[in-house]
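**Student:** First, the structure itself, so that you have it in front of you.
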Amino acid sequence: MSSATEWPPRVWSTNCVIGDEPRLAYNRVLLSSVLAGETASHDIELKPAAWWRDRGVTLKYRCVATEIDVGRRELKIANEESIAFSKLVLATGSTPLRLSVPGADLAGVHTFRDSRDVDLLLTLAAQKKRVVVVGGGLLGLEAAYGLAKAGAPVTLIHLMDRLMERQLDAPAAELLKCLVERKGIKVLLNANTARLLGETRVEGIELADGRRIDADAVIFAAGIRPNVALAKNAGIPVNRGIVVDDVMQTGAPDIFALGECAEHRGICYGLVEPAYEQAHVLAQHLAGRAAVYGGSVVATNLKVSGVSVFSAGDFMGMDGGETIVLSDIRHGTYKKLVISDGRLTGAVLVGDVGDALWYLELIRSREPIARIRSHMIFGRQLAIRSEAA
Ligand SMILES: Cc1cc2nc3c(=O)[nH]c(=O)nc-3n(C[C@H](O)[C@H](O)[C@H](O)COP(=O)(O)OP(=O)(O)OC[C@H]3O[C@@H](n4cnc5c(N)ncnc54)[C@H](O)[C@@H]3O)c2cc1C
Numbered sequence: 033m034s035s036a037t038e039w040p041p042r043v044w045s046t047n048c049v050i051g052d053e054p055r056l057a058y059n060r061v062l063l064s065s066v067l068a069g070e071t072a073s074h075d076i077e078l079k080p081a082a083w084w085r086d087r088g089v090t091l092k093y094r095c096v097a098t099e100i101d102v103g104r105r106e107l108k109i110a111n112e113e114s115i116a117f118s119k120l121v122l123a124t125g126s127t128p129l130r131l132s133v134p135g136a137d138l139a140g141v142h143t144f145r146d147s148r149d150v151d152l153l154l155t156l157a158a159q160k161k162r163v164v165v166v167g168g169g170l171l172g173l174e175a176a177y178g179l180a181k182a183g184a185p186v187t188l189i190h191l192m193d194r195l196m197e198r199q200l201d202a203p204a205a206e207l208l209k210c211l212v213e214r215k216g217i218k219v220l221l222n223a224n225t226a227r228l229l230g231e232t233r234v235e236g237i238e239l240a241d242g243r244r245i246d247a248d249a250v251i252f253a254a255g256i257r258p259n260v261a262l263a264k265n266a267g268i269p270v271n272r273g274i275v276v277d278d279v280m281q282t283g284a285p286d287i288f289a290l291g292e293c294a295e296h297r298g299i300c301y302g303l304v305e306p307a308y309e310q311a312h313v314l315a316q317h318l319a320g321r322a323a324v325y326g327g328s329v330v331a332t333n334l335k336v337s338g339v340s341v342f343s344a345g346d347f348m349g350m351d352g353g354e355t356i357v358l359s360d361i362r363h364g365t366y367k368k369l370v371i372s373d374g375r376l377t378g379a380v381l382v383g384d385v386g387d388a389l390w391y392l393e394l395i396r397s398r399e400p401i402a403r404i405r406s407h408m409i410f411g412r413q414l415a416i417r418s419e420a421a
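Per the numbering used here, the very first residue in the sequence shown carries number 33; after that it's consecutive.
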């Protein structure tokens, strides 16, 4: 947020970042590594305090923004204080969903979103509490892996018939399940949570098919909801997210939104890469340079529960594409490429993801691949060598 010089009584001659978390901005993606004991919590800070200060950025942390006065260009924060702005960027992220089942509000039921959650999960693991993680997407797997690695007995339950169904096809998901189970995590698929058991504190989960799992704690990792209340209450148009155009502008003048809280061309992204792309476009726009955000080709390229996983584009071949598959389940490797109209349109990799960025580039550039088609499943080096031969 930058201040408006026309408001002398509370002129902020600097840009200002407001956030309700109690610490310097950090890389949320790395919370999984902190939970898994692979990174120290203080190492995930984006920049030290001096970096912000030297660039004239005022940081206001532990500070909740409560209301936007669009007409007066003021943002209300805690204690009735207001901040005048000339431009306002909403990057309020998302809130983890709690399933609306009986018992969801019992003590011992948590989510996994910020560094306070990580501290709590690490305490559970140190006490060897039996934990059930609800949700077999990226976040649930990361929570399960970190907890198991820190010493907690973990059961991961997932509603669907395969893990990470939005990123993986069936064989890739099955391989991931095997690799995750080897880490000591119990995985239950087709597991529909009916209710959480316990009087005041959670004692277990009952599934719709009657199965019961004992638990000292339950972690919901079953989706997120964009934080749109600030914008909605100010009369700024929202659907699922805050509606933005191709320069990230909301329906209100000089108010922008990006990241998980924003909805661009009907899509709310739940990954960090689109947020970076949106931030780049918005920064260009605010600096007076031409830039347009046309949407992101969503790619997942990460270590899930210690297993390297990549998925991008039309990985299921929904648009009638042909597929090339290389599968070595015993050695923990699966590769699938989807080709449509002579171009690579989607890919899934588990285990060996060394060529992930090359495949992603081919998908994004829509480059014809006829000359490398027969070798490309074996990776960039062989494909290029075959092209040269
Ligand atoms: C554990 C974990 C692992 C992840 N791993 C990956 C990964 O491997 N790859 C990937 O692509 N994505 C991953 N993600 C998702 C990724 O972190 C998010 O997509 C990204 O952080 C979104 O950035 P954002 O700025 O939109 O929102 P956030 O990072 O959520 O930032 C929003 C901030 O605004 C604050 N806020 C909200 N409302 C207010 C208010 N009214 N006043 C003041 N402050 C407010 C919030 O507290 C929060 O600090 C992961 C997420 C988690 C939780």
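Where a beta carbon is used, it is the ideal one built from N, C-alpha and C, also for glycine.
1) Do residue 64 and ligand 1 come close, with the Cβ less than 6 Å from some heavy atom?
2) Using alpha carbons as the reference points, say which of 207, 245, 325 lies closest to residue 341.
3) First and last residue of the beta strand (DSSP E) that includes residue 109?
4) Regarding residue 145 and ligand 1, is the C-beta to nearest heavy atom distance less than 6 Å?
5) Since residue 166 and residue 253 should fall inside the 8 Å C-beta cutoff, what is the C-beta to C-beta distance between them, to a whole number of angstroms?
6) If we define contact as Cβ-Cβ less than 7 Å, is residue 270 a contact residue for chain B?
7) Assuming residue 214 and residue 202 form a contact by the criterion Cβ under 8 Å, report the distance between their Cβ atoms to the nearest whole angstrom.
8) Taking DSSP as the reference, what is the three-state secondary structure of residue 310?
9) Could you check which residue in 53, 66, 70 has the C-alpha nearest to that of residue 95?
10) From which residue to which residue does the beta strand (DSSP E) around residue 228 run?
11) Check for me: the alpha helix (DSSP H) holding residue 48 runs from which residue to which?
12) Taking the CB atoms as reference points, tell me whether residue 325 and residue 313 lie closer together than 7 Å.
13) Rounding to the nearest angstrom, what Cα-Cα distance links residue 258 and residue 393 in this structure?
14) Do you know how far the Cα of residue 303 is from the Cα of residue 415?
15) For residue 37, count neighbouring C-beta atoms within 10 Å of its own C-beta (all shown protein chains included) and say buried if the count is 16 or more, exposed if not.
16) Contact between the stretch 263-274 and the stretch 178-196: three or more CB pairs below 8 Å?
17) Which residues in the same chain as residue 121 place their Cβ atom closer than 6 Å to its Cβ, once the five residues preceding and following it in sequence are excluded?
18) Straight-line CA distance for residue 343 to residue 332?
19) Mark residue 400 as exposed unless 16 or more other C-beta atoms lie within 10 angstroms of its C-beta, in which case mark it buried.
20) Taking DSSP's pairing of strands, which residues face residue 379 in a bridge?
21) Helix, strand or coil: how does DSSP classify residue 58 here?
22) Can you tell me which of the three DSSP states residue 363 falls into?
**Tutor:** Reading from the atomic positions:
1) Yes, since a heavy atom of ligand 1 falls inside the 6 Å radius drawn around the Cβ of residue 64.
2) Closest option to residue 341, Cα to Cα, is 207.
3) Annotation for residue 109: the continuous beta strand (DSSP E) segment containing it runs 106-109.
4) For ligand 1, at least one heavy atom lies less than 6 Å from the Cβ of residue 145.
5) The C-beta distance from residue 166 to residue 253 rounds to 6 Å, short enough to meet the 8 Å contact threshold.
6) Although the question refers to chain B, the structure presented lacks it and comprises just one protein chain.
7) Not really, about 19 Å apart at Cβ, beyond 8 Å.
8) Note: residue 310 maps to helix in three-state DSSP.
9) Closest option to residue 95, Cα to Cα, is 53.
10) For residue 228, the enclosing beta strand (DSSP E) has its first and last residue at 225-229.
11) Per DSSP, residue 48 belongs to no alpha helix (DSSP H); it is in the beta strand (DSSP E), 47-50.
12) Judged by beta-carbon spacing, residue 313 lies within the 7 Å limit of residue 325, meaning their Cβ atoms are closer than that value.
13) CA-to-CA, the gap between residue 258 and residue 393 works out to about 29 Å.
14) Distance between the alpha carbons of residue 415 and residue 303: 30 Å.
15) Low confidence applies to residue 37: its pLDDT is 35, below 50, so where it sits in the model is not reliable enough to give any reading.
16) These segments do not touch.
17) Here the set comprises 288.
18) Rounded to whole angstroms, residue 343 to residue 332 spans 5 Å at the Cα level.
19) Exposed, because fewer than 16 other Cβ atoms sit within 10 Å of the Cβ of residue 400.
20) Its beta-bridge partners are 344, 369.
21) If DSSP states are grouped into helix, strand and coil, residue 58 belongs with the strands.
22) Residue state, collapsed to three classes: helix.
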